[in-house]
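According to the numbering used here, the sequence shown holds residues 1259 to 1329 in order.
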Amino acid sequence: GVVRGQLTVQGSYAYTAEDYEQALEWLVEGRAGIGELPPVLPLERGPDAFAELVRGPSAQIKVFLSGSVGR
């Protein structure tokens, strides 16, 4: 399982592989900048952070989570 196997789980919401390829190309070409990245939130704040994104206009465009619940 994920916990006992100490696996890292990564995912994305709302973007395709082609979107990421285009963004990377623009970064390499200097046509886009990274700017300020969103903060890394504790895992237990994940549900609220994603709910905010789904609700509509938000100051954040991405959610970064780290750690495990109860640590």
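Think of the CB as a built atom: it goes at the ideal place given N, C-alpha and C, for glycine as much as any other residue.
Next item on the list: Return the CA-CA distance between arginine 1234 and valine 1321, expressed in angstroms with no decimal places.
Entry: In the structure as shown, the chain starts at 1259 and stops at 1329, and residue 1234 therefore has no counterpart that could be examined.
Check: Apart from the five residues on each side of it in sequence, which residues of its chain come closer than 8 Å, Cβ to Cβ, to leucine 1285?
Finding: Excluding positions up to five away in sequence, the list reads Gly1291, Ile1292.
Notebook entry, point to check: What's the C-alpha gap between proline 1315 and alanine 1309?
Noted result: Taking the straight line joining both Cα atoms gives about 11 Å.
Next item on the list: Kindly indicate which three-state DSSP category leucine 1282 falls into: helix, strand or coil?
Entry: Helix at leucine 1282.
Note to self: Quick check on DSSP: helix, strand or coil for proline 1305?
What the structure shows: Proline 1305: helix per DSSP, three-state reduction.
Notebook entry, point to check: Are the CB atoms of leucine 1295 and leucine 1323 nearer to each other than 9 Å?
Noted result: The Cβ-Cβ distance between leucine 1295 and leucine 1323 does not fall below 9 Å.
Next item on the list: Determine the DSSP secondary structure at valine 1312, reduced to helix, strand or coil.
Entry: DSSP places valine 1312 within a helical segment (H, G or I) once states are collapsed to three.
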